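S.K.:
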Amino acid sequence: MDSFRRALNAPITSRLRVAVFASGRGSNFQAIIEAQRSGELAIDVVVLCSDKPASRAVATATQDGIPSVALDAKKYTHRAEFDYALFDRAAEFQPDLIVLAGFMRVIDEAIVERWRGRMINIHPSLLPKYPGLRTHQRALDGRDRVHGASVHFVTPELDGGPVIAQTELTIGEHDDAAKLASRLLPLEHRLLIASIRLIATQRVRLDASSVLFDGRPLSHPLKMREDDELHM
Ligand code: GRF
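Shown next, in the form of structure tokens:
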């Protein structure tokens, strides 16, 4: 049986319970916690889940007194077995929303389906451009003038789910992949926070296969502007 507490299209009467999944540095996770603390995000981060017990993300959770579940994928024979173990543990915390923030695994399809409409991912490219890895280098190799990041609902297709919102930056003459990544990161944090806020306030949700914004299907992703708000 599905163990989620409530569907995201049902009226939310209390704070959104959020589980964050991260594999590494966890700067997006940190940004979410800070936004919760400052009151910018009226949510509760209920658990940090990871496939890397020694990651900085797990250390941050411990430091900040946030429960964490970190399982070592190497101890599981089958990929799916690991995914079920991790997501079952996450479900015990009754999250309304799962945020994949640098979670570096392709998740079992049945699990993705189970969380459809209740799981989002941040990806460092202007999707549908550059799904997968090395996005900054690929944008440079493609001689793109503009690069960016996307937040999307997760579907079984890798980085292929309906995009909620994007942030853009102009590629500079002197940018290399590392520089581009570090210029983009703070924008990613703002984008993720703004996207979570729209879900928490029930302005954004997934309907069948399109993103609804204030009840209307989005024909293109929302764009982050200088005021840190998302606009049509
Ligand atoms: C971010 O660039 C995110 O877009 C990608 O992985 C990176 C995670 O960074 N999915 P951090 O672990 O949140 O610092």
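Residue numbers (our numbering): -1 to 230.
Ideal Cβ positions, reconstructed from N, Cα and C, are used throughout, including at glycine.
On a predicted model such as this, the values are computed, not experimentally measured, just so you know.
#1: Could you tell me which of V202, I105, T60 sits nearest to I162, measuring between CA atoms?
#2: Taking its Cβ as the centre, do 16 or more other Cβ atoms sit within 10 Å of V44, making it buried, or is it exposed?
#3: Cα-Cα, which of D86, D212, H76, E171 is closest to D139?
#4: Identify the continuous beta strand (DSSP E) that holds K221 and give its terminal residues.
#5: In or out: E186 buried (at least 16 other Cβ within 10 Å) or exposed?
#6: Taking the alpha-carbon positions, what's the A175 to H134 distance?
#7: May I have the straight-line CA-CA distance separating L228 from T75, to the nearest angstrom?
#8: In three-state terms, what does DSSP make of V18?
#9: Let me know the beta strand (DSSP E) ranges lying completely inside the segment 49 to 100, each 3 residues or longer, listed in chain order.
#10: Hey, how far is the Cα of T199 from the Cα of R116?
#11: Let me check you understand the geometry: is the CB of I120 closer than 6 Å to at least one non-hydrogen atom of ligand 1?
#12: Within the present structure, is the beta-carbon of R181 separated from the nearest heavy atom of ligand 1 by less than 6 Å?
#13: If we ignore side chains and look at the alpha-carbon of each, how far apart do L210 and P93 end up?
#14: Tell me which same chain residues have a C-beta within less than 6 Å of the C-beta of S1, skipping the five on either side of it?
#15: Leaving aside the five residues before and after L98 along the sequence, list all residues of the same chain whose C-beta is less than 6 Å from its C-beta, in chain order.
#16: For my contact list, A147 and P126 are in at a C-beta cut-off of 8 Å; report their separation, rounded to the angstrom.
#17: Does DSSP classify L185 as helix, strand or coil?
#18: With which residues is M117 paired in a DSSP beta bridge?
M.R.: Judging by the given coordinates:
#1: Sequence index remark: in the sequence shown, residue 162 carries index 164 (1-based). Out of V202, I105, T60, V202 has the C-alpha closest to the C-alpha of I162.
#2: Position 46 of the sequence shown, counting from 1, holds the residue named residue 44. Counting of Cβ neighbours within 10 angstroms places V44 among the buried residues, the total reaching 16 or more.
#3: Start at 1 with the first residue of the sequence shown, and residue 139 comes out as number 141. Restricting attention to D86, D212, H76, E171, the CA atom closest to the CA of D139 is found in E171.
#4: Counted from its first residue, the sequence shown places residue 221 at position 223. Where K221 is concerned, the enclosing beta strand (DSSP E) starts and stops at 220 to 222.
#5: Along the sequence shown, read from residue 1 onward, the residue named residue 186 stands at position 188. E186 should be labelled buried.
#6: Locating residue 175 in the sequence shown gives position 177, counting from the first residue. Locating residue 134 in the sequence shown gives position 136, counting from the first residue. A175 and H134: Cα-Cα distance of roughly 5 Å.
#7: Translated into the one-based positions of the sequence shown, residue 228 becomes position 230. Translated into the one-based positions of the sequence shown, residue 75 becomes position 77. Taking the straight line joining both Cα atoms gives about 43 Å.
#8: Looking up residue 18 in the sequence shown gives position 20. Strand.
#9: As far as the segment 49 to 100 is concerned, its whole beta strand (DSSP E) runs of at least 3 residues are 66 to 68, 95 to 98.
#10: Residue 199 sits at position 201 when you count from the first residue of the sequence shown. Residue 116 sits at position 118 when you count from the first residue of the sequence shown. Approximately 14 Å between the Cα atoms of the pair.
#11: What you label residue 120 is simply residue 122 of the sequence shown in a count that begins at 1. Flag set: Cβ of I120 near ligand 1.
#12: Here residue 181 refers to the residue found at position 183 of the sequence shown. Checking every heavy atom of ligand 1 against the Cβ of R181, none is found closer than 6 Å.
#13: By 1-based counting over the sequence shown, the position of residue 210 is 212. By 1-based counting over the sequence shown, the position of residue 93 is 95. L210 and P93 have their C-alpha atoms roughly 21 Å apart.
#14: Locating residue 1 in the sequence shown gives position 3, counting from the first residue. Note that S1 scores a pLDDT of 40, beneath 50, so its modelled location is shaky; the value from the coordinates is reported in the next line. When the five nearest sequence neighbours on each side are left out, the beta carbons in the same chain lying within less than 6 Å of the beta carbon of S1 are those of A89, in order along the chain.
#15: Within the sequence shown, residue 98 is the residue found at index 100, counting from 1. Cβ neighbours of L98 beyond the five flanking positions: F19, N119.
#16: Locating residue 147 in the sequence shown gives position 149, counting from the first residue. Locating residue 126 in the sequence shown gives position 128, counting from the first residue. By a beta-carbon distance limit of 8 Å, A147 does not contact P126. Their separation comes to about 13 Å.
#17: As a first step, residue 185 must be located in the sequence shown, where it is residue number 187. Here L185 sits in helix by DSSP.
#18: Within the sequence shown, the letter at position 119 stands for residue 117. For M117, the beta-bridge partners assigned by DSSP are I96.
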